[in-house]
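Structure record follows, encoded as structure tokens.
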Amino acid sequence: MPAEVAPAVVDTPQAVVEGAEDESYQDRYLEGSQQFIAYDLLEARGKTDATTDPSVKRYQEAKALFRKGYDLCMTVPRSLDDQVLAQHEDDIKSAAEAMVDAWLLDDKAAPMSERVLILGQQYEKVLLKDIPDAEKEGFFVKYSLLFSAWILLVGKQYDHCITTLNLAIETYDDITARIFFLRATCYFSTNQVDLGIKDLHKCLELDQDFHLANSILGSVYLSQKKEEEAAKHFELFLEAGHPDTPDFVNAQYSMALLTKSKDAEKAKTYYKSAKESETRFKQLYGTHVGMNNVKRDSIYAFESSDDAQRLVFANMNKRDRMQYGQKIEKLIEAGILNTAYPASPNNCSNCGAKHLKDAPGKALLCCGGCRGIWYCSRECQKSDFKKHKLGCKKQ
């Protein structure tokens, strides 16, 4: 295990550690960690198998891995007592490393919570328990570095996250493209655009299938008015990226604008293709791709004035009118999705069971009030009622 100078100590959120377990303990997710994930909407609509988008499968794998680590974590007492930690050392290590692996696979599937912060403290103590006092300061392993980077990124402490990821990159030879992608995110967030661009190119160097990097490079170059570079990366993304993604639609709209002055017919083809991709996207997700400047400019460039105003207005408001979107958003606001078992027809929202209690193969029970959350039994529904009733009334 290498020993180096540790990253700077920063003010990260500190979780309250209990000496004894409280059976009524409810984990709390950190501000900014709770997100509305489109893939969960896709699953709730029963459309997961209707797309071959690899990012959907990757998200599902990451979510399952995170849940495995999270469930194991919740079996460990929330204590920093050395004797307690010694009894649960293997579970602490396994839970921490599983959740870090999930974060690396897809950060959207790995929300940061109070309990996960406590696990980070427990993991650090377990790692340091056999290290001589003189060597403890500055000691780390790869997973402890990446766990710290995860916390820092969620806390928007981008400079310290960059420092931590730098140390991981400089120390270990098996760093994946995802690490450079996460560092690029930090660079862009701190206006270090050139360094962010460099890291995205490194992503492509390490993994030629990291197509998202080309999409982001296209957008970055477009914002810098480097149209030739932007077009190059958008074209690369359209050649290899998956058409069922918002990034694909954005690339088509972008190319429509970039080619309009040079080849009007080609530009119209790109615009028509973007609209067709949006139709496909709506069939899957029940909503249009979000409005941004590129999409808005494309609509005004290729539609009549009246049609453009109508389309822009409709796109800006349809998301809020979509039935499933509204239900899931309200479930998030009510705290229902801020659990290890977000609302899904594939698992009980109280215990995570995959089928009706004592009846394998039978579908879960759906709440008759909102039809947006599922349970394996009446008992689980009753147990979850206090949390769910506010969200249910809002439907």
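Sequence positions in the sequence shown follow my numbering and run 65 to 459. We put the CB at the ideal spot given by N, CA and C, even for glycine.
Drop a sphere of 10 angstroms on the beta-carbon of residue i, count the other beta-carbons inside from all chains shown, and report buried for 16 or more, exposed for fewer.
{"i": "Asp238", "result": "exposed"}
{"i": "Ala467", "result": "Residue 467 lies beyond the residue range present for the chain, which begins at 65 and ends at 459; the question has no answer from this structure."}
{"i": "Gly166", "result": "Here residue 166 turns out to be Ala, not Gly, going by the sequence shown. Counting Cβ neighbours within 10 Å, Ala166 comes out buried, since at least 16 surround it."}
{"i": "Ile261", "result": "buried"}
{"i": "Ile215", "result": "buried"}
{"i": "Ser325", "result": "exposed"}
{"i": "Gln272", "result": "exposed"}
{"i": "Ser369", "result": "exposed"}
{"i": "Arg442", "result": "exposed"}
Would you tell me roughly how many angstroms separate the C-alpha atoms of residue i and residue j, rounded to the nearest one?
{"i": "Tyr494", "j": "Phe211", "result": "One cannot answer for residue 494 here, as it falls past the ends of the chain, which runs 65 to 459."}
{"i": "Ala427", "j": "Phe345", "result": "27 Å"}
{"i": "Glu107", "j": "Thr309", "result": "15 Å"}
{"i": "Gln124", "j": "Thr115", "result": "13 Å"}
{"i": "Cys412", "j": "Tyr349", "result": "22 Å"}
{"i": "Lys121", "j": "Ala304", "result": "17 Å"}
{"i": "Lys450", "j": "Lys421", "result": "21 Å"}
{"i": "Lys330", "j": "Asp117", "result": "26 Å"}
{"i": "Ala143", "j": "Lys172", "result": "Per the sequence shown, residue 143 should be read as Ser rather than Ala. If you take the alpha carbons of Ser143 and Lys172, they lie about 28 Å apart."}
{"i": "Ile400", "j": "Ser177", "result": "In this prediction, Ile400 scores a pLDDT of 43, lower than 50, which makes its location untrustworthy; no coordinate-derived value is stated."}
{"i": "Lys453", "j": "His224", "result": "41 Å"}
{"i": "Ala160", "j": "Cys137", "result": "8 Å"}
{"i": "Lys418", "j": "Gly425", "result": "9 Å"}
{"i": "Val358", "j": "Tyr335", "result": "11 Å"}
{"i": "Asp194", "j": "Asp155", "result": "17 Å"}
{"i": "Glu367", "j": "Asp135", "result": "52 Å"}
{"i": "Arg109", "j": "Lys446", "result": "25 Å"}
{"i": "Tyr388", "j": "Leu105", "result": "Its pLDDT being 44, under 50, Tyr388 is placed unreliably by the model, and nothing is read from it."}
Alpha carbons only, please: which of the options is nearest the one belonging to residue i?
{"i": "Cys430", "options": "Cys440, Lys421, Gln221, Ile226", "result": "Cys440"}
{"i": "Asn278", "options": "Asn356, Gln256, Asn314", "result": "Asn314"}
{"i": "Cys415", "options": "Cys444, Pro424, Met355", "result": "Cys444"}
{"i": "Leu302", "options": "Glu291, Gly282, Met163", "result": "Gly282"}
{"i": "Glu153", "options": "Ser119, Asp170, Lys189", "result": "Lys189"}
{"i": "Leu183", "options": "Ala198, Glu201, Tyr207", "result": "Tyr207"}
{"i": "His265", "options": "Phe244, Pro141, Glu329", "result": "Phe244"}
{"i": "Ala232", "options": "Glu292, Val218, Phe203, Asp135", "result": "Phe203"}
{"i": "Ser158", "options": "Tyr187, Pro141, Ala150", "result": "Tyr187"}
{"i": "Tyr317", "options": "His306, Lys339, Leu300", "result": "Lys339"}
{"i": "Ser253", "options": "Met355, Leu105, Ser337, Ile226", "result": "Ile226"}
{"i": "Val218", "options": "Leu94, Trp438, Thr351", "result": "Leu94"}
{"i": "Thr323", "options": "Ala295, Val376, Thr343", "result": "Ala295"}
Provide the residue(s) that pair with residue i in DSSP beta bridges, ordered along the chain.
{"i": "Ser177", "result": "Tyr93"}
{"i": "Cys430", "result": "Trp438"}
{"i": "Leu420", "result": "Ala423"}
(request) Please specify which runs of the alpha helix (DSSP H), each continuous and at least 4 residues long, are wholly inside the segment 314-355, giving them in chain order. (result) 328-349
(request) Let me know the alpha helix (DSSP H) ranges lying completely inside the segment 101-177, each 4 residues or longer, listed in chain order. (result) 102-108, 118-137, 146-151, 153-169
(request) Taking only runs that begin and end inside the segment 244-317, name each unbroken beta strand (DSSP E) of 3 or more residues, in chain order. (result) none
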